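Colleague: This is the structure I have questions about; it appears just below.
2 protein chains.
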Amino acid sequence: MPSTLPLPELPSPDTGGPATPAFSPLYQQIKGLILQSLQAGEWKPGEVIPSEIELAARFRVSQGTVRKAIDELAAENLVVRRQGKGTFVATHAEQHVRYRFLKLVPDSGDRDSEGPASRDVLECRRVRATAEVARALALRSGDAVVQVRRVLAFGGVPTILEDLWLPGAAFRGLSAEQMAAYQGPTYALFELEFGVRMVRAEEKIRAIAADAAQAALLAVPEGTPLLSVERLAYTYNDVPMEFRRGVYRTDAHHYRNELS
Amino acid sequence: MPSTLPLPELPSPDTGGPATPAFSPLYQQIKGLILQSLQAGEWKPGEVIPSEIELAARFRVSQGTVRKAIDELAAENLVVRRQGKGTFVATHAEQHVRYRFLKLVPDSGDRDSEGPASRDVLECRRVRATAEVARALALRSGDAVVQVRRVLAFGGVPTILEDLWLPGAAFRGLSAEQMAAYQGPTYALFELEFGVRMVRAEEKIRAIAADAAQAALLAVPEGTPLLSVERLAYTYNDVPMEFRRGVYRTDAHHYRNELS
DNA sequence: CAGTGGTCTAGACCACACT
DNA sequence: GTGTGGTCTAGACCACTGC
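Those protein sequences? They're chains A and B, same order as listed.
One point on numbering: in the numbering used here, the residue at position 142 of the first sequence is 142, and numbering is uninterrupted.
One point on numbering: in the numbering used here, the residue at position 144 of the second sequence is 1144, and numbering is uninterrupted.
Dropping the structure here:
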């Protein structure tokens, strides 16, 4: 079957037209269709998706084409393949990839420490988006957002102080109790309770001096150098769904990054 | 051709043995062979490697198997595919991926600013490795290393102060003049002059306060919060070839990271 | 055992670059 | 046109999982 696809719902590339400005391989189109099902929640985080053979039949392409589509989705961590079992929708709740976005690790031992030992939710309220938050989350100034402030401690030492801003519409009902009670990654909570799966994120990192409030909450002298980490996290389709601003103590931890 | 391969120089997996502890797909073995040629310098950075068809003939496998091997090498940035032209050994000298490892970007505009506007090499001498440097570079304490200290400026503002430590054996003859004169990425210089290609790196990031010396060289008040960035860069085969410790001003720039 | 993903092949055809 | 990488297919077989 040539790349001039017989699929009904796809925008057919002009095979005989005067110009072929946008050529898209079949497997990319299949990837797009699978992505749509993922977004639509046809298969939820942690669940199996249909086998390659089933998907091939459904989309009327060969297994190899479906395979290549899934290969890319797996490379982007949207899906996880398990030989002999099937392909699963990725989730932040899994043991192996928990705290995938947390790059702060203890100086001694490169173990990821399995997340913070304690969490202290200082605040969780609905507020109106400031201009900055609105811009980050692609909302309008004044739209409702949920703001969470919390302190994460490792081994009894308060290490991270952060504010989270979430779109009010998608996170209606999020409470401080809920945030505090949930064991495991915050992003797993978001998947379970609000059906929002964070797929990728961007961080901007700076060095700053602790102000009085930060110093008090992190139990360091005012003026102590801290890492300022701004994160914008996205769901499917590059839709921003969380803006986060944190300050990290780096006297016993460091931010670890791999370049390749 | 089944995966019980007929290739002479490969360690044949025990097909009928009592145990098959290590099974390695054919394409992985081919990848390993290509990697060996890359390391051995059979094809140098920027050059084309043989076509898929040629490699398939050489290794006595199908083109598809070679393709999958090259796919992985391309995913690891060791090689770059160019449709219609061939597959090329990756290099830091290329226009498109220059300063791939430099994550510091100006706050305004996400342009990568095409590297530092000016470079000031303060020092370049052969010294004996301290315990720390020796450990990082997998040398013995006291082994010869080349130490380089320099200041990088963006738009006239000194922004990065860093020390580089390089194994003395591989970098014999590196001079301050050479470092200062070369236009373009330092890693491109290393490829050209010393045949050392950096393939990946790890960074550890902290916030520190500028000491007197750092403050003077970066033209900031003593005590200014700075980003401390420790980098260990590797060549082929996970051999560490550079240890770097830098301090970054983050008043007009930030360290940008993508999480996925 | 059957079902899943994983590997390997061989061949056809497409898109792109050079000449 | 020729040669390169890129796509797509169909079929065979391998490795892992669970019934």
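The beta-carbon is built from N, C-alpha and C at its ideal position, and this holds for glycine as well.
Note that the coordinates shown come from a computational prediction; the quantities given were computed from them, not determined experimentally.
For chain A, check one thing: does any of its Cβ atoms lie closer than 8 Å to the Cβ of B/Tyr-1182?
Modeller: By this cut-off, B/Tyr-1182 is not an interface position.
Colleague: For chain B, check one thing: does any of its Cβ atoms lie closer than 8 Å to the Cβ of A/Tyr-187?
Modeller: no
Colleague: Since B/Asp-1163 sits in a beta bridge, which residues does DSSP pair it with?
Modeller: B/Arg-1149 and B/Arg-1245.
Colleague: Go ahead and label A/Glu-123 buried or exposed: buried means 16 or more other beta carbons lie within 10 angstroms of its beta carbon, across all protein chains shown.
Modeller: exposed
Colleague: Provide the residue span of the beta strand (DSSP E) that contains A/Leu-102, from first to last.
Modeller: Unbroken run through A/Leu-102: none, as it is neither H nor E.
Colleague: Determine the burial state of A/Gly-246: buried for a count of at least 16 other Cβ atoms within 10 Å of its Cβ, exposed for fewer.
Modeller: buried
Colleague: Can you check which of these residues, B/Leu-1217, B/Glu-1047, B/Asp-1211 and B/Ala-1216, is closest to B/Gly-1223 by C-alpha distance?
Modeller: B/Asp-1211
Colleague: Going along chain A in order, which residues have a C-beta closer than 9 Å to the C-beta of B/Ile-1208?
Modeller: Ala-207, Pro-225 and Thr-250
Colleague: Is it a yes or a no for the segment 58-69 of chain A touching the segment 1223-1235 of chain B, going by three-plus beta-carbon pairs under 8 Å?
Modeller: no
Colleague: Along the chain, which unbroken stretches of the alpha helix (DSSP H) at least 4 residues long are found entirely within the segment 64-144 of chain A?
Modeller: 131-137
Colleague: Please look up how many angstroms separate the CB atoms of B/Arg-1150 and B/Val-1127, rounded, as I've assumed it's under 8 Å.
Modeller: Incorrect: roughly 15 Å between the Cβ atoms, too far for contact.
Colleague: Does the distance from the CB of A/Ala-90 to the CB of A/Pro-45 come in under 8 Å?
Modeller: In contact: A/Ala-90 and A/Pro-45 (Cβ atoms closer than 8 Å).
Colleague: Under three-state DSSP, which class holds A/Ser-260?
Modeller: coil
Colleague: Where do the N-terminal and C-terminal ends of the beta strand (DSSP E) with A/Leu-192 fall, by residue?
Modeller: No beta strand (DSSP E) holds A/Leu-192; the alpha helix (DSSP H) holding it covers 186-194.
Colleague: Taking only beta-carbon positions, decide if B/Asn-1257 is within less than 8 Å of chain A.
Modeller: yes
Colleague: When burial is assigned at 16 or more other CB atoms within 10 Å of the CB, is B/Gln-1183 buried or exposed?
Modeller: Flag for B/Gln-1183 reads exposed.
Colleague: Return the Cβ separation of B/Glu-1203 and B/Glu-1230 in integer angstroms, given the expectation that the two are a contact with Cβ distance under 8 Å.
Modeller: 7 Å
Colleague: If you draw a straight line from the alpha carbon of B/Arg-1249 to that of B/Lys-1103, how long is it in whole angstroms?
Modeller: So the alpha carbons of these two residues sit roughly 13 Å apart.
Colleague: Alpha helix (DSSP H) containing B/Ser-1062: first to last residue?
Modeller: B/Ser-1062 -> no alpha helix (DSSP H), and no H or E assigned at all.
Colleague: For chain A, find out if any of its Cβ atoms is closer than 8 Å to the Cβ of B/Ser-1108; answer yes or no.
Modeller: Interface annotation, B/Ser-1108: not in contact with chain A, CB-CB separation never under 8 Å.
Colleague: Exposed or buried, which one is B/Gly-1155 when buried takes at least 16 other CB atoms within 10 Å?
Modeller: exposed
Colleague: Please confirm if A/Phe-154 has its CB atom under 8 Å from at least one CB of chain B.
Modeller: no
Colleague: Between the alpha carbons of B/Arg-1131 and B/Gly-1142, how many angstroms are there, rounded?
Modeller: A small correction: the amino acid at residue 1131 of chain B is Ala; Arg does not occupy that position in the sequence shown. For B/Ala-1131 and B/Gly-1142, the distance between alpha carbons rounds to 8 Å.
Colleague: Between which residues of its own chain and B/Glu-1072 is the CB-CB distance below 6 Å, once the five residues before and five after are set aside?
Modeller: Lys-1031
Colleague: Rounded to whole angstroms, how far is the Cβ of A/Met-198 from the Cβ of A/Ala-176, which I believe are closer than 8 Å?
Modeller: So it is not a contact: roughly 20 Å between Cβ atoms.
Colleague: Could you name the residues of the same chain whose beta carbon sits closer than 6 Å to that of A/Gly-86, not counting the 5 residues immediately before and after it, in chain order?
Modeller: Val-48, listed in sequence order.
Colleague: Note down, in chain order, each residue of its chain lying with its Cβ closer than 6 Å to the Cβ of A/Leu-217, except the 5 sequence neighbours on either side.
Modeller: Once the five neighbours on either side are set aside, the close Cβ partners of A/Leu-217 are Val-151 and Leu-161.
Colleague: For B/Pro-1185, which residues of its own chain have a beta-carbon under 6 Å away from its beta-carbon, when the five flanking residues on both sides are left out?
Modeller: His-1092, Arg-1098 and Tyr-1099
Colleague: Along the chain, where does the beta strand (DSSP E) that runs through B/Ala-1207 open and close?
Modeller: 1200-1209 is the span of the beta strand (DSSP E), which, as asked, contains B/Ala-1207.
Colleague: For the beta strand (DSSP E) that contains B/Ser-1228, what are its first and last residues?
Modeller: Element bounds for B/Ser-1228: 1225-1234.
Colleague: Expressed to the nearest angstrom, what Euclidean distance is found between the alpha-carbon atoms of B/Leu-1035 and B/Glu-1052?
Modeller: 15 Å
Colleague: Listed in chain order, which residues of the segment 1076-1101 of chain B have Cβ atoms closer than 7 Å to some Cβ of chain A?
Modeller: Glu-1076, Asn-1077 and Phe-1101
Colleague: At least one CB of chain B closer than 8 Å to the CB of A/Glu-203: is that the case?
Modeller: yes
Colleague: Which partner residues does A/Pro-158 have in the DSSP bridge list?
Modeller: A/Ala-153
Colleague: Assign A/Tyr-27 to one of three DSSP states: helix, strand, or coil.
Modeller: Secondary structure at A/Tyr-27: helix, using DSSP grouped into helix, strand and coil.
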